[in-house]
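So the structure is just underneath, and the comments pick up after that.
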Amino acid sequence: MVLRCFCSLLISTAFINYGETGVRLGLILGDQLSDSLATLRVLDAGNDVIVMAEVPEEATYVRHHKQKIALLFSAMRHFAARLQDAGWQVRYYDYRQSVSLGFRSLVDVLAATVKEQNSTRQNKVSEIVLTRCGEYRLQHAIDHHWSDQLGLPVSVYEDDRFISTPEEFAQWAEGRKQLRMEYFYREMRRKTGLLMEAEQPLGGQWNFDHDNRAAYKREVPLPPPLTFTRSNTDQAVSQLVEQEFSGHPGAMDSFINGSSWATTRQQALQALIHFIEHRLPHFGRYQDAMISSAALGNAADTMFHSLLSPYINCGLLEPMEVCEAAAHAFHQGQVPLEAAEGFIRQIIGWREFVRGIYWNYMPQYAGLNGLQNNRSLPAVYWHGKTNMHCMKECFRNTFANAYAHHIQRLMVTGNFALLTGVNPQEICDWYLAVYADAYDWVELPNTLGMVMHADGGLLGSKPYCASGKYIARQSDYCRHCVYDVNSAEKTNSCPFNSLYWHFLQRHRQQFEKNPRMSMMYRSFDRMNEEKKAAIISRAETCLKKIDDL
Ligand code: FAD
Ligand code: DLZ
Ligand code: SF4
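Under the working numbering, the first residue of the sequence shown carries the number 33, and numbering increases by one thereafter.
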């Protein structure tokens with residue numbers, strides 16, 4: 033049970049200058065669309081004003097996928113309308129208003145709102161109130177500049193939609209030689225009581241991951257896709273995005289026809305119920321599986337995954353409520369324990385863990401490049417045209433839906449960036465741009481740490497590098513590919529194979545003594561010299577013409 037009490041939530045107040053009671057302006061960000069938000073609990077609907085704004089700085093600090101912007105703007109507009117219906121005064125600036133008024137950033141919006149309020153109303157603005165924001169970039173500006181810029185106290189409250197706070201994570205991490213998600217996850221299970229019986233995990237095991245490695249052989253049908261009715265707001269936002277963000281990546285079709293993202297709390301709840309009924313029962317088992325869309329249509333793009341991350345990350349759903357729904361389904365006998373546990377682990381384990389890493393190590397974390405990788409991001413990451421069937425499928429899903437599931441991100445497009453030595457900051461910017469769920473706090477540790485191993489192993493004791501064999505085992509991709517997954521040296525050999533060995537040779541010094549990797553070095557060393565040379569030569573050819581592969 034996570035206790036909520038706003039009196040203990042205040043993190044910082046810059047520029048304390050109370051004296052008169054006035055109006056407080058509560059800024060609600062695009063990823064804070066929750067009824068339970070601390071800002072809403074602190075403020076008084078009868079007196080204070082909520083400010084929300086679509087602004088160029090947030091919409092363009094990377095070239096966000098069109099659907100990410102559409103989802104966020106539409107969800108923000110629906111949320112603002114809900115607040116108004118509930119009796120709040122809301123000052124909402126849509127994108128065109130912001131641009132026409134010359135606002136670039138959120139602080140520009142606040143400055144203008146303060147001026148307007150102070151010149152037209154009796155009650156002057158006395159304070160700005162916010163909930164801790166997700167990204168370091170913005171939180172740093174708030175902590176260090178906003179109070180001076182606005183001439184007002186700026187109070188920041190804890191974001192207690194998360195299970196743990198950055199301070200709790202820092203305490204847990206302090207003095208540990210290695211940070212392992214598994215141990216942090218156990219703390220979170222104890223803290224939430226999810227799937228616990230007194231102090232013990234239900235089923236006598238914390239983690240059932242070893243049961244979760246199956247390839248999908250069509251044993252059960254893929255779940256039916258869910259579609260959402262599009263509101264006038266969705267339609268207006270779609271038009272805006274097509275006109276104002278035409279240079280951003282991605283297609284809008286699946287958003288416009290309602291087959292991608294929910295934009296209201298009610299629709300997000302529908303998505304949660306759909307997941308629990310149709311996807312969760314098989315979630316764990318097929319979590320690492322991939323399958324081509326040609327034979328199975330759109331359902332192949334999502335398989336049994338929840339598709340809930342965009343909603344959890346922008347606030348339409350809360351992490352605890354989705355976990356409680358999964359636990360409830362287990363207690364009702366609707367899903368097996370390993371399915372519920374596997375899902376809950378992703379949320380209270382991985383999601384909380386990566387956030388802890390982010391706040392503990394920022395801002396230095398963003399600049400790490402432990403493997404000294406400096407290749408520019410290959411153009412194929414933007415145009416998606418390649419003969420590598422696995423990559424083609426992942427790019428198609430990404431650009432069509434602003435989505436790819438975890439194994440597509442980690443073991444296909446991520447693995448390729450790792451093996452080819454792409455600069456971590458460039459690949460991070462790509463992941464931050466192209467997914468509907470992408471926010472720096474969660475994308476950065478996943479990409480820089482988990483995929484690129486650029487943090488020296490903070491997030492994983494070994495890099496997630498793999499040859500085509502892994503992809504062949506977990507998917508049907510290789511059966512539809514022009515490349516031969518059983519060869520590493522032939523001219524039509526799978527690029528992942530030779531690149532894998534090339535990667536290991538390039539980083540022999542770092543990884544040869546790693547007990548989880550030394551076997552691979554021994555395998556390579558056992559090959560005859562001719563074969564080794566042919567593999568390395570094939571990898572070098574691949575590296576020279578990445579965009580032609
Ligand atoms: P499911 O497979 O259904 O998982 C359930 C939930 O668990 C997700 O909704 C998510 O909230 C959580 N979760 C699962 N894995 C992770 C993880 N590794 N870190 C954090 N939360 C996790 N996730 C994001 O939310 N935003 C990102 O920007 C993001 N960037 C990523 C970049 C890379 C390179 C990789 C390898 C992973 C990234 N992830 C990110 C984690 C994960 O891939 C997505 O959370 C997941 O694919 C979202 O789809 P889903 O909701 O269907 O997830
Ligand atoms: C992602 C995003 C986008 C595209 N646009 C806005 C916006 O116009 N206004 C806003 O308040 N938030 C937006 N967001 C989400 C913010 O980038 C996010 O709140 C911050 O990065 C903090 O996590
Ligand atoms: Fe991908 Fe290689 Fe398989 Fe082709 S053969 S799908 S490139 S892993």
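Ideal placement from N, C-alpha and C gives every residue a C-beta, glycine not left out.
(message) Quick check: what's the CA-CA separation for W609 versus G374?
(response) Here the chain covers residues 33 to 581 and nothing more, so residue 609 does not appear.
(message) What does the alpha-carbon distance come out to for the pair R136 and S158?
(response) In the sequence shown, residue 136 corresponds to position 104, counting from 1. In the sequence shown, residue 158 corresponds to position 126, counting from 1. If you take the alpha carbons of R136 and S158, they lie about 24 Å apart.
(message) Tell me the DSSP secondary structure of I195 in three-state form.
(response) The sequence position of residue 195 within the sequence shown is 163, counting from 1. Of the three classes helix, strand and coil, the one that applies to I195 here is coil, per DSSP.
(message) Going residue by residue through the segment 117-182, where are the continuous alpha helix (DSSP H) segments of at least 4 residues, counting only ones entirely within it?
(response) 127-132, 138-152, 168-173 and 179-182
(message) Please tell me whether I344 and A358 are closer than 7 Å, where the distance is taken between their beta carbons.
(response) Working through the sequence shown from its first residue, we reach residue 344 at position 312. Working through the sequence shown from its first residue, we reach residue 358 at position 326. No.
(request) Compute the distance between the beta-carbons of S66 and R193, then report whether it is under 7 Å. (result) Numbered from its first residue, the sequence shown carries residue 66 at position 34. Numbered from its first residue, the sequence shown carries residue 193 at position 161. Yes, Cβ-Cβ distance for S66 and R193 is below 7 Å.
(request) Locate the beta strand (DSSP E) running through L59, then write down its first and last residues. (result) Walking along the sequence shown from the start, residue 59 turns up at place 27. V55 to L59 is the extent of the beta strand (DSSP E) around L59.
(message) When you measure from the CB of Y509 to every non-hydrogen atom of ligand 3, does any distance come out below 6 Å?
(response) In the sequence shown, the residue the question calls residue 509 occupies position 477. Flag set: Cβ of Y509 near ligand 3.
(request) Report yes if the C-beta distance between C422 and Y318 is below 7 Å; otherwise report no. (result) Your numbering for residue 422 matches position 390 in the sequence shown. Your numbering for residue 318 matches position 286 in the sequence shown. Not in contact: C422 and Y318 (Cβ atoms no closer than 7 Å).
(message) Do N330 and P257 count as a contact pair if the criterion is CB distance below 7 Å?
(response) Against the sequence shown, residue 257 aligns to sequence position 225. Against the sequence shown, residue 330 aligns to sequence position 298. Result yes, Cβ atoms of P257 and N330 sit closer than 7 Å.
(request) Mark M482 as exposed unless 16 or more other C-beta atoms lie within 10 angstroms of its C-beta, in which case mark it buried. (result) What you label residue 482 is simply residue 450 of the sequence shown in a count that begins at 1. Result: buried.
(message) I need the DSSP call for S525, collapsed to helix, strand or coil.
(response) For the purposes of this step, residue 525 is taken as the residue at position 493 of the sequence shown. S525: strand per DSSP, three-state reduction.
(message) So the candidates are D469, D266, P233 and L254; which of them puts its Cα closest to the Cα of M108?
(response) As a working note, residue 108 is residue 76 in the sequence shown. Of the listed residues, the one whose Cα sits closest to M108 is D266.
(request) Kindly examine ligand 3 and report whether one of its heavy atoms sits closer than 6 Å to the Cβ of V412. (result) In the sequence shown, counting from the first residue as 1, residue 412 sits at position 380. No.
(message) Quick check on D67: does DSSP put it in helix, strand or coil?
(response) Your numbering for residue 67 matches position 35 in the sequence shown. In this structure, D67 counts as coil in the three-state DSSP scheme.
(request) Keeping to the same chain, check which residues put their C-beta closer than 8 Å to that of V34; ignore five residues upstream and five downstream. (result) Your numbering for residue 34 matches position 2 in the sequence shown. Bear in mind that the predicted position of V34 carries a pLDDT of just 31, short of 50, making it unreliable; the figure below should be weighed with that in mind. Excluding positions up to five away in sequence, the list reads D192, I195, K223, T224 and M352.
(message) Going by DSSP in three states, P88 sits in which element: helix, strand or coil?
(response) As a working note, residue 88 is residue 56 in the sequence shown. Looking at P88 - three-state DSSP - the assignment turns out to be helix.
(request) Determine the contact status of E384 and M220, defining contact as a CB-CB distance below 7 Å. (result) Here the question's residue 384 lines up with position 352 in the sequence shown. Here the question's residue 220 lines up with position 188 in the sequence shown. Annotated as proximal: E384 and M220, with beta-carbon spacing under 7 Å.
(message) Below 6 Å, is the gap between the Cβ of Y471 and the nearest heavy atom of ligand 2?
(response) Start at 1 with the first residue of the sequence shown, and residue 471 comes out as number 439. Answer for Y471: yes, Cβ within range of ligand 2.
(message) Can you determine whether any heavy atom of ligand 3 sits closer than 6 Å to the C-beta of I503, and answer yes or no?
(response) Translated into the one-based positions of the sequence shown, residue 503 becomes position 471. I503: yes, Cβ under 6 Å from ligand 3.
(request) State the Cα-Cα distance for the pair E274 and P88, rounded to the nearest angstrom. (result) By 1-based counting over the sequence shown, the position of residue 274 is 242. By 1-based counting over the sequence shown, the position of residue 88 is 56. Answer to the nearest angstrom: the Cα atoms are 15 Å apart.
(request) Count the other C-beta atoms from every protein chain shown that fall within 10 angstroms of the C-beta of K550, then say buried if there are 16 or more, exposed otherwise. (result) Walking along the sequence shown from the start, residue 550 turns up at place 518. Before going further, note that residue 550 is Ser rather than Lys in the sequence given. By the neighbour-count rule (16 or more Cβ atoms within 10 Å), S550 is not buried but exposed.
(message) Can you give me the C-alpha to C-alpha distance between I323 and C574, rounded to a whole angstrom?
(response) Locating residue 323 in the sequence shown gives position 291, where the first residue counts as 1. Locating residue 574 in the sequence shown gives position 542, where the first residue counts as 1. So the alpha carbons of these two residues sit roughly 25 Å apart.
(message) Considering only heavy atoms of ligand 1, does any lie closer than 6 Å to the CB of I379?
(response) The residue you call residue 379 lines up with position 347 of the sequence shown. Yes, Cβ of I379 sits closer than 6 Å to a heavy atom of ligand 1.
(message) Give the list of continuous alpha helix (DSSP H) stretches no shorter than 4 residues that lie fully inside the segment 273-317.
(response) 285-288, 297-306 and 312-315
(request) Examine ligand 2 and report whether any of its heavy atoms sits within less than 6 Å of the Cβ of G589. (result) The first residue shown for the chain is 33 and the last is 581, placing residue 589 beyond what the model contains.
(message) Let me check understanding here. Comparing Cα to Cα, which of E370, S325 and P547 lies closest to H512?
(response) Within the sequence shown, residue 512 is the residue found at index 480, counting from 1. Among E370, S325 and P547, the Cα nearest to that of H512 belongs to S325.
(message) Could you give the first and the last residue of the continuous beta strand (DSSP E) run that contains Y189?
(response) Looking up residue 189 in the sequence shown gives position 157. Counting along the chain, the beta strand (DSSP E) containing Y189 begins and ends at V186 to Y189.
(request) Please go through the same chain and pick out, in chain order, the residues whose beta-carbon is closer than 7 Å to the beta-carbon of C37, but skip the five residues on each side of it. (result) What you label residue 37 is simply residue 5 of the sequence shown in a count that begins at 1. Residue placement at C37 cannot be trusted, given a pLDDT of 37 that sits under 50; the coordinates are not used to answer.
(message) What does the alpha-carbon distance come out to for the pair A465 and D487?
(response) As a first step, residue 465 must be located in the sequence shown, where it is residue number 433. As a first step, residue 487 must be located in the sequence shown, where it is residue number 455. In a straight line, the C-alpha of A465 is about 21 Å away from that of D487.
(request) With hydrogens ignored, establish whether the beta-carbon of C426 is closer than 6 Å to any heavy atom of ligand 5. (result) Among the ligands in the structure shown, ligand 5 does not appear; only ligand 1, ligand 2 and ligand 3 can be found there.
(message) I'd like to check one pair, L170 with V188: are the Cβ atoms closer than 7 Å?
(response) Taking the sequence shown and counting its residues from 1, the one referred to as residue 188 is at position 156. Taking the sequence shown and counting its residues from 1, the one referred to as residue 170 is at position 138. Cβ atoms of V188 and L170: not closer than 7 Å.
(message) Can you tell me whether Y496 sits near ligand 3, meaning its C-beta is under 6 Å from at least one heavy atom of the ligand?
(response) For the purposes of this step, residue 496 is identified with residue 464 of the sequence shown, where counting begins at 1. No.
(request) Return yes when the C-beta of C165 is under 6 Å from any heavy atom of ligand 2, and no when it is not. (result) By one-based count along the sequence shown, residue 165 stands at place 133. Yes, since a heavy atom of ligand 2 falls inside the 6 Å radius drawn around the Cβ of C165.
(message) What I want to know is whether the C-beta of S338 ends up closer than 6 Å to one or more non-hydrogen atoms of ligand 1.
(response) On the sequence shown, position 306 is the one that residue 338 refers to. True, at least one ligand heavy atom lies under 6 Å from that Cβ.
(message) With a threshold of 6 Å (Cβ to nearest heavy atom), would H242 be considered close to ligand 1?
(response) Walking along the sequence shown from the start, residue 242 turns up at place 210. No, the beta carbon of H242 sits no closer than 6 Å to any heavy atom of ligand 1.
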